[in-house]
Amino acid sequence: MSSDVFSKGTRQRPRLLRAIENGPGRPPLAAPLDALGRLRVLDPAVGPLRAAVRKLPLSSRTRDVLHGRWLGHPLHPALVQLPMGAWMSAGLLDLLPGTRRAARVLVGVGVLTALPAAATGAADWARLHQPQLRTGLVHGLATSAALGLYTASLAARLRGRECKGRLLGFGGLTAAGTGAMIGGHLAYRQAAGANKAEPVPYLVGPGWHRVGKVDAFPVGQSASASLGEVELLVHREHSGAVRVLANRCSHESGPLSEGTVADGCVTCPWHGSTFRLSDGWNVGGPATAPQPGFETRVGDDGVLEVRLRQP
Ligand code: FES
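Everything in the sequence shown is counted per UniProt numbering, starting at 1 for the first residue and increasing by one.
Printed below as a string of structure tokens:
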């Protein structure tokens, strides 16, 4: 862009643009939010809670529903829109005259819809790394406080104590907003719930790539290999077929080459996601995204070649 664009008018504009480009420095909330993941003081609570959630008598199908495997991404962020939307709307109505009944209904809707949202969040939380678990626990405490305050708010409103109900509601909205901010940090900064295999198609070029002599890979066992910046899981079957997937699990980057193989699938050693070796499909969660898979062939020189399988 020509500098003439900025030469007219005020001299402050380039400075403003520089400020936008460079940013104001470290975001003020980054340090405290980052610190949550380092709060070892939370570990005595994290361990038993995590174990309790993992021991809940739920079938693997129910757990997959909670994780959102059927949706292709975590269900929790979608469900939290319901209580947050209802509670924010109730907060606005509480500022207006003649809206008691509508605000009461919205607070009740928020309390009811917060329960499935909490269930999906707890299921996802119990399958995270330690720093994420710490941040997630604080997120859960904030949102639980919001649920408690809104439940009390609803009870007060139903008893006709409107002013108290509104005050409790504003307290709940503050707690819910704090929980949402921490949840955003957990999802975007700490990448909980993100598909860790998403970069693979951008790191592997098109066409066939040579991996190494096929005889170097033991029959009936899993091994790892490198394809540029991408780690591969290579599983050579007794039938002669060679199955190749991206090695780092789409859930939280667990090494699939160290997992167990049975019935044509590999199970991640970290949280138990199961992927079909033939095409990478995630037949069992908590992973909500499939694993990038590769077509394979063996050249005349005995070298294994792979090509990224198109979705
Ligand atoms: S890293 Fe969690 S299931 Fe693989």
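Ideal Cβ positions, reconstructed from N, Cα and C, are used throughout, including at glycine.
Any non-hydrogen atom of the ligand FES closer than 6 Å to Cys265 Cβ: If you number the sequence shown from 1, residue 265 lands on position 265. The nearest non-hydrogen atom of the ligand FES is 6 Å or more from the C-beta of Cys265.
Residue(s) in a DSSP beta bridge with Pro255: Locating residue 255 in the sequence shown gives position 255, counting from the first residue. Beta-bridge pairing links Pro255 to Arg248.
Nearest residue (CA-CA) to Gly259, options Leu154, Leu167, Gly302, His235: Here residue 259 refers to the residue found at position 259 when the sequence shown is read from its first residue. Here the closest residue by C-alpha is His235.
Where Arg159 sits in the DSSP three-state scheme: Your numbering for residue 159 matches position 159 in the sequence shown. Coil, per DSSP.
Proximity test, Glu258 beta-carbon vs the ligand FES heavy atom, cut-off 6 Å: Here residue 258 is taken as the residue at index 258 of the sequence shown, counted from 1. Checking the Cβ of Glu258 against the ligand FES gives no.
Beta-carbon gap between Ala156 and Gly165 smaller than 7 Å: Locating residue 156 in the sequence shown gives position 156, counting from the first residue. Locating residue 165 in the sequence shown gives position 165, counting from the first residue. With respect to the 7 Å criterion, Ala156 and Gly165 are classified as neighbours on the basis of their beta carbons.
Nonlocal neighbours in the same chain, by C-beta distance under 7 Å from Gly171, ignoring five residues either side: Locating residue 171 in the sequence shown gives position 171, where the first residue counts as 1. If we look at Gly171 and ignore the five residues flanking it on each side, its Cβ neighbours are Leu149.
Ser144 (DSSP reduced to helix, strand or coil): Locating residue 144 in the sequence shown gives position 144, where the first residue counts as 1. In this structure, Ser144 counts as helix in the three-state DSSP scheme.
Identified DSSP bridge partners for Asn282: Position 282 of the sequence shown, counted from the first residue, corresponds to residue 282. Paired residue(s): Phe275.
Contact set for His209: own chain, Cβ-Cβ below 6 Å, skip 5 residues either direction: Locating residue 209 in the sequence shown gives position 209, where the first residue counts as 1. Excluding sequence neighbours, His209 sits near Leu227, Val306.
Identity of the residue in Leu245, Gln190, Leu304 nearest Ala30 by Cα: Along the sequence shown, one-based indexing puts residue 30 at 30. Selected option, being the one with the closest Cα: Gln190.
Burial state of Thr274 (16 or more Cβ within 10 Å): As a working mapping, residue 274 is identified with position 274 in the sequence shown. Per the 10 Å Cβ criterion, buried.
Simplified DSSP state of Leu185, which is helix, strand or coil: Taking the first residue of the sequence shown as 1, we reach residue 185 at position 185. Sequence inspection shows His at residue 185; the Leu mentioned does not correspond to that position. DSSP places His185 in helix when its eight states are reduced to three.
Closer than 6 Å: Trp125 CB and nearest the ligand FES heavy atom: Within the sequence shown, residue 125 is the residue found at index 125, counting from 1. The answer is no for Trp125.
Proximity test, Gly68 beta-carbon vs the ligand FES heavy atom, cut-off 6 Å: Position 68 of the sequence shown, counted from the start, is the residue given in the question as residue 68. Shortest gap from the CB of Gly68 to any heavy atom of the ligand FES: 6 Å or more.
Distance cut-off 6 Å: His251 Cβ against heavy atoms of the ligand FES: Position 251 of the sequence shown, counting from 1, holds the residue named residue 251. Residue side-chain check: His251 places its Cβ nearer than 6 Å to a non-hydrogen atom of the ligand FES.
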